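First to last, the sequence lines map onto chains A and B.
Counted the way my numbering counts, the first sequence spans residues -4 to 262.
Counted the way my numbering counts, the second sequence spans residues 6 to 277.
Glycine is no exception: its CB is placed at the ideal position from the N, C-alpha and C atoms.
Please read these numbers as outputs of a predicted model, since none were measured by experiment.
Input: a single structure, listed below in structure tokens.
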Amino acid sequence: MTENGKASSRPTVADRGLSAAIAVDHLVKVYKQTRAVDDISFSLPRGSITGLLGGNGAGKTTTIAMIMGLVLPTSGRVQVLGHEMPEESASVLGRMNFESPYVDMPMRLTVRQNLTVFGKLYAVKNLADRIARLAADLDLTDFIDRPNGKLSAGQKTRVALAKALINQPELLLLDEPTASLDPDTADWVRAHLERYRRDNNATILLASHNMLEVERLCDRVIIMKRGRIEDDDTPEAIMARYNRTTLEEVFLDVARGRANGAKEAVR
Amino acid sequence: MTDLSLHRGISLHRIGAMILRYWYLLLSSWPRLLELLYWPALQVITWGFLQLYIAENANFFARAGGTLIGAVILWDILFRGQLGFSISFLEEMWARNLGNLMMSPLRPIEFLLALMVMSLIRLAIGIIPMTLLALFLFHFNVYALGLPLIAFFCNLIFTSWSVGIFVSGLVVRNGLGAESIVWTLMFAILPLACVYYPVSVLPVWLQYVAWALPPTYAFEGMRALLIEQTFRTDLMLEALFINAVLLVASFGAFLALLRSAKRHGSLLSVGE
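Below you can see the structure in the form of structure tokens.
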């Protein structure tokens, strides 16, 4: 359903949606005069890790928010785990989770209390065991009974990740998951995400400005600019197409409008 | 939070999780607990002494002993009931936690039911000591009203929830810039609901407005009980009917405002 309350036409997304973790079809979001997201389509297979790249205002957060059902599209369709969003969100919200710098965990509650509340919201079975497991995996044990407001930025990020994993989601949406982490902890979180994906065949969509992170984690990259998809391929194919050795160089080419020139030069 | 839908059952598990969340918060913060006790106690002491003074100097009020202090207690049920509901909601805005809840399987109706339960818990913490103060300091036993007290309480708490649901919707849609409405809207009802005086005091045209508000029936009913020793069942049933309409309307307004917030992207920036 779109913001006008009308179901849009049903093109190819229905076919892709059944097998895809996320299927986005001709998605548009207009805020007054601004086209924040401008007719984008993509489909993410289950078990994949995809990086969503783009400068500030490229439309990444709005796209993720529409996938989560927090923002209604102006037109176009989103299917998550085979269900229409937001109409069938009740069927999928328990099977997905997210982490974003736009939200916090309640500050006065301890880490254990926060994880208990969210575990109950997601109807997690054997919740105490699950929390103990996450605490061990994400190294939360030393501060699990400390209020969230008294944690360092890095500790808070790990707690937010624990909350995002509390229900063992099939689909994980991450917005800057390693922001404010020191390189060692960030590397450790990436390793954890890779392991989680592998062990659970989970799908991860990751918005990040950390190009090294995207190169390491993602088997596919979608580059957005001014609400549109500028490129969509494996990191290796994209770097080859732009004749660059790092995604950071590609990102700068796209951000500074050198993208077409770079691609032409390769041809 | 599941989008606007009411299909499938309501989960007591998720409602319980939200109540647990607010309970943890209350226990973690003594200023929050103290605030629940402080204002009701202050109210009943101030107005209780005023009632004592009036009772000593006016025969009518001496006969109608308790109308003033009873009105204060009932008004606090209405006002604190709404605040209890709305403050629990605001805690999510202040904590920037609304996005987490919106993305969880929690449904709007479950969220609102949890807020209603929390308003009862917060109200109990504030009002029970207040009624005991009234009893020991001014010999006014609100529990002596008996079964009618339940009718007054229900009608007042239903109205407080309706107002709480509506203003929560306004805050979802407009962000914390609309927070002041949470604290002030109920005061707009104060003169019209005839808390401290009978409806007949108002100009005739304003009496129609007063009778559109369920609390008016509760306060008139209380005065009828204390002054004439008559329980006006008719007033309580009429108030119940208006409350049912208000509750449905406020829930509809909340859903409409939530949808509007999703359309405008307000949920991504819930600040000022």
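query, result
"Chain A contacts made by the region 80 to 112 of chain B, where a contact means CB separation under 7 Å", "Ala100, Arg101, Asn102, Gly104, Asn105, Met107, Met108, Ser109, Pro110, Leu111"
"Nearest to A:Ala174 (by Cα), restricted to the options A:Asp140, A:Ala60, A:Glu165, A:Val184", "A:Val184"
"Own chain, CB closer than 8 Å to B:Pro134, minus 5 neighbours either side, in chain order", "Leu42, Pro45, Ala46"
"DSSP-derived helix/strand/coil call for A:Met61", "helix"
"Outcome for A:Gly0 when other beta-carbon atoms lying within 10 angstroms are tallied against a minimum of 16", "Low confidence applies to A:Gly0: its pLDDT is 49, below 50, so where it sits in the model is not reliable, and the reading given next is rough at best. Per the 10 Å Cβ criterion, exposed."
"Reduced DSSP category for A:Pro101 - H, G, I as helix; E, B as strand; rest coil", "coil"
"Beta-carbon gap between B:Gly270 and A:Ala60 smaller than 9 Å", "yes"
"Endpoints, alpha helix (DSSP H) assigned at B:His18", "17 to 33"
"Any C-beta of chain B under 9 Å from that of A:Asp20", "no"
"Members of the region 210 to 231 of chain B that neighbour chain A once the beta carbon cut-off is set at 8 Å", "none"
"CB contact below 9 Å: A:Gly89 versus chain B", "yes"
"For B:Gly131, the three-state DSSP class (helix, strand or coil)", "helix"
"Same chain, Cβ closer than 8 Å to A:Asn109, neighbours up to 5 away in sequence not counted", "Met100, Pro101, Asn143, Val154, Lys158"
"Cβ pair count under 8 Å reaching 3, the region 128 to 140 of chain A against the region 196 to 205 of chain A", "no"
"DSSP three-state assignment for B:Ser93, whether helix, strand or coil", "helix"
"Under 9 Å between C-beta atoms of A:Ala18 and A:Gly222", "no"
"Cβ-based burial, A:Asp140 [other Cβ within 10 Å; buried from 16]", "exposed"
"Reduced DSSP secondary structure (H/G/I, E/B, other) of A:Tyr117", "coil"
"Span of the alpha helix (DSSP H) around B:Ala198", "Per DSSP, B:Ala198 belongs to no alpha helix (DSSP H) and is neither H nor E."
"Chain A within 9 Å of B:Met123, Cβ atoms only", "no"
"As assigned by DSSP and simplified to three states, the class of A:His78", "strand"
"Through-space distance from B:Leu17 to A:Gly114, alpha-carbon basis", "14 Å"
"Buried versus exposed, by CB contacts within 10 Å (16 or more), A:Lys27", "exposed"
"Contact list for A:Thr58 against chain B, beta-carbon separation under 8 Å", "Going along chain B, no residue has its Cβ under 8 Å from A:Thr58, so there is no contact; the nearest lies around 12 Å."
"For A:Pro96, three-class secondary structure by DSSP", "coil"
"Beta carbon proximity, B:Asp8 to chain A, threshold 9 Å", "Because the pLDDT of B:Asp8 is 41, which lies under 50, any placement of that residue in the model is unreliable, and the number read from its coordinates should be weighed accordingly. So yes, B:Asp8 belongs to the interface."
"Proximal residues of chain B, C-beta to C-beta of A:Ala163 below 8 Å", "The amino acid occupying residue 163 of chain A in the given sequence is Gln; Ala does not appear at that position. Residues of chain B passing the Cβ test: none, with the nearest at roughly 14 Å."
"Own chain partners of B:Thr72 with C-beta closer than 6 Å, once the 5 adjacent residues on each side are dropped", "Arg228, Leu231"
"At least 3 beta-carbon pairs within less than 8 Å: the region 167 to 176 of chain B vs the region 257 to 267 of chain B", "yes"
"Chain A contact for B:Arg19 (CB, 9 Å cutoff)", "yes"
"B:Leu152 - containing alpha helix (DSSP H), residue span", "152 to 179"
"Short Cβ contact (9 Å threshold) for B:Ile186 with B:Gly86", "no"
"Buried versus exposed, by CB contacts within 10 Å (16 or more), B:Tyr213", "exposed"
"Any C-beta of chain B under 9 Å from that of A:Lys115", "yes"
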